[in-house]
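See structure below.
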Amino acid sequence: MGNGVKDAYSAGLLVYLVNTNVIICIVGYQILINFMAGGQKAELVRLILLMMQMYAMLNIYCMISEHMTAESLKCCEAFYNIRWYNLPIDCSKDIVFCIERSQQPLALWAGQFTTFSSVTLTDVTKAALSYLSVLRSFMIAE
155 MGNGVKDAYS
165 AGLLVYLVNT
175 NVIICIVGYQ
185 ILINFMAGGQ
195 KAELVRLILL
205 MMQMYAMLNI
215 YCMISEHMTA
225 ESLKCCEAFY
235 NIRWYNLPID
245 CSKDIVFCIE
255 RSQQPLALWA
265 GQFTTFSSVT
275 LTDVTKAALS
285 YLSVLRSFMI
295 AE
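Below, the structure is given as structure tokens:
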């Protein structure tokens, strides 16, 4: 089941992670342009709300993934605490198999590269702001 979840969502979540990074960078650039040009405040508010929505969605995915990881580790501990060595052989084998499988925690994966976590949220923010800094230097040079 764990590999099924990983395989089903990993490609889509990788695309989502990359798109989120690009969108945050572009929206940040538009905010800078709007702010420096003295644009409409309504447009500035719309862009800020879009940025907040992108961060909120990414944060939700990261929180869900961290919760899945924590719960799957609790499942491993629960299997381990069962007195499986006193059970019949067929039940013991099933529980040993469950213990082995639950030692690999569940998480939402972005491709085969990274899991969604608070570290991922920080990395996306760092990358988007780095790209935004490069775009800002082009804006200042013009």
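Residues in the sequence shown are numbered consecutively from 155, following my numbering. From the three backbone atoms N, C-alpha and C, an ideal C-beta is built for every residue, glycine too.
Terminal residues of the alpha helix (DSSP H) in which Tyr239 lies: Tyr239 -> no alpha helix (DSSP H), and no H or E assigned at all.
Hey, Thr174 and Met217: beta-carbon distance below 8 Å or not? no
Which residue marks the beginning of the alpha helix (DSSP H) containing Leu262, and which one marks its end? Looking at the DSSP string, Leu262 is not in any alpha helix (DSSP H), and its letter there is neither H nor E.
For Leu167 versus Leu262, is the C-beta distance shorter than 8 Å? yes
Applying the 10 Å Cβ sphere with the 16-neighbour rule, what's the burial state of Thr274? buried
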